[in-house]
Amino acid sequence: MSKPTNDYIKYTGIAFQMIFIIGVLTFVGYKIDAYTHHDTPWVTAVLALVGVFASLYLVIQSVKE
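Under my numbering, the first residue of the sequence shown is numbered 666, with each subsequent residue one higher.
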């Protein structure tokens, strides 16, 4: 495969990893908030932000390579 195709595949994979990380952490936060009956979904918000920062860290590490 040519280099542009490899880059495309690499960055597409990173995008799916980002979506997965953010989605899973947001879902876990939602379930915790539902289980604890919070009026404000603080756990969902915090875990969603953790997912965003974790996925950004992943992107930065992947781009460095």
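Heads up, the beta-carbon is just placed ideally off N, CA and C, and yes, glycines get one too.
Could you pull out every residue in the same chain whose Cβ sits closer than 8 angstroms to the Cβ of residue i, ignoring the five residues on either side in sequence?
| i | result |
| --- | --- |
| VAL711 | GLY694 |
| VAL715 | LEU690 |
Confirm, please, whether the CB-CB distance from residue j to residue i is below 8 angstroms.
| i | j | result |
| --- | --- | --- |
| VAL724 | ILE679 | yes |
Just curious, the alpha helix (DSSP H) that residue i is in, first and last residue?
| i | result |
| --- | --- |
| ASP704 | It is not in any alpha helix (DSSP H) - ASP704 carries neither H nor E in the DSSP assignment. |
The ligand FAD and residue i: does any heavy atom of the ligand fall closer than 7 angstroms to the residue's C-beta?
| i | result |
| --- | --- |
| THR709 | No copy of the ligand FAD occurs in the structure displayed, which carries no ligand at all. |
Classify residue i: buried if its beta carbon has 16 or more other beta carbons within 10 angstroms, exposed otherwise.
| i | result |
| --- | --- |
| ALA713 | buried |
Q.
Tell me whether the segment 675-691 and the segment 713-721 touch, counting them as touching only if at least three CB pairs, one residue from each stretch, are closer than 8 angstroms.
A. The segment 675-691 makes contact with the segment 713-721: 3 or more CB pairs, one atom from each, lie closer than 8 angstroms.
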